[in-house]
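Report on one structure; see the data block that follows.
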Amino acid sequence: MSLLVLNDVGRRFGALQALSGISLSVEAGELRAIIGPNGAGKTTLFNLISGYFPPTDGSIVFGGEPITAGTPTALVKRGIIRTFQITEIFLSLTVRENLRVAVETAMGLNLRPWISAAVRTVVMNQVENLAEIVRITAKLGRVAGELSHGDQRVVEIGIVLAKSPKLLLLDEPTAGMGDEETHHMTDLIRRLNKDQGITMLFVEHDMAIVFGIADRITVLDNGRMLAEGNATEIAANPRVQAAYLGHAA
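In terms of this note's numbering, the sequence shown opens at residue 157 and continues consecutively.
Set out below in structure tokens:
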């Protein structure tokens with residue numbers, strides 16, 4: 157069953173046509189990569205899906221309902237959660253405190269003047285559960301700003317999981333990481349998709365990662381969809397090779 161459907165979606169900024177004629181369908185439980193050269197329209201596509209601005213053409217359907225005019229806040233409530241290239245966590249707080257704030261916010265507790273001991277126990281149990289899922293338990297007491305870039309990204313993933321995403325958009329999740337951190341992040345992405353059943357779209361420039369974990373790959377070029385398929389099909393596509401991989405077959 158299709159969780160996300162884009163029908164002939166386009167976006168103009170004045171005279172600039174940033175995206176044109178984008179039609180794609182993402183199945184529930186799918187791990188989909190979005191690739192393309194710089195300026196291909198990947199970030200614009202994420203902005204449209206997450207409600208940061210509406211398409212000027214076409215329609216977007218999520219869970220069988222139109223979301224073309226949805227705002228970021230409304231779409232978060234629907235389960236569309238996005239991370240950005242720049243890590244967004246509270247650097248002065250510990251990992252535990254970051255996750256606690258996320259859980260309390262997701263539960264609507266952040267505006268309450270006090271929280272009962274029973275509710276506090278529920279919150280902290282959820283914090284422990286999130287830490288276990290992303291495998292950061294050993295660093296719960298560490299100040300987030302003292303962690304490596306890779307660990308900070310892991311904390312950010314834990315934070316967004318508190319919102320119970322149905323569709324998770326990851327914008328260059330391994331950017332700036334070394335080999336070991338990249339391995340840990342790709343393993344986390346795979347586990348969240350397979351074990352937690354979270355549908356994911358991710359933008360990634362490392363083709364080894366894309367070919368290694370994506371169920372399907374969508375290739376953008378100059379604001380249009382150039383190709384779509386599995387890793388074998390995309391690797392063998394001469395148009396993709398010429399436009400993105402750097403050589404023609």
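Where is the CB? At the ideal position from N, CA and C, for every residue including glycine.
- Take the alpha-carbon of E337 and the one of G306: they are about 5 Å apart.
- Taking a cut-off of 8 Å on C-beta distances, the segment 226-245 does not touch the segment 263-280, as fewer than three cross pairs fall below it.
- Counting only the Cα atoms, K322 lies some 20 Å from T199.
- One thing to note: K295 has its Cβ within 8 Å of the Cβ of V251.
- In this structure F358 is buried. Its beta-carbon is surrounded by 16 or more other beta-carbon atoms within 10 angstroms.
- The three-state secondary structure of G314, taken from DSSP, is helix.
- L201 and I178 do touch by the CB rule: their CB atoms are close to 7 Å apart, below 8 Å.
- The three-state reading of DSSP puts N194 in coil, since its state is none of H, G, I, E or B.
- Excluding residues up to 5 positions away in sequence, E186, R188, E384, G385, N386 lie with their Cβ nearer than 7 Å to the Cβ of R372 in the same chain.
- Straight across, the Cα-Cα distance linking I365 with R268 is about 43 Å.
- Sequence-distant Cβ neighbours of I292 in its own chain, meaning closer than 8 Å and more than five residues away, are V251, D307, V310, V311, G314.
- Separation of F246 and G166 (C-alpha to C-alpha, rounded to the nearest whole angstrom) is 35 Å.
- Closest in alpha carbon position to A287, among L162, R168, E260, L317, is L317.
- Restricting attention to E328, D213, R168, the CA atom closest to the CA of L162 is found in D213.
- G368: member of the alpha helix (DSSP H) spanning 363-369, first to last residue.
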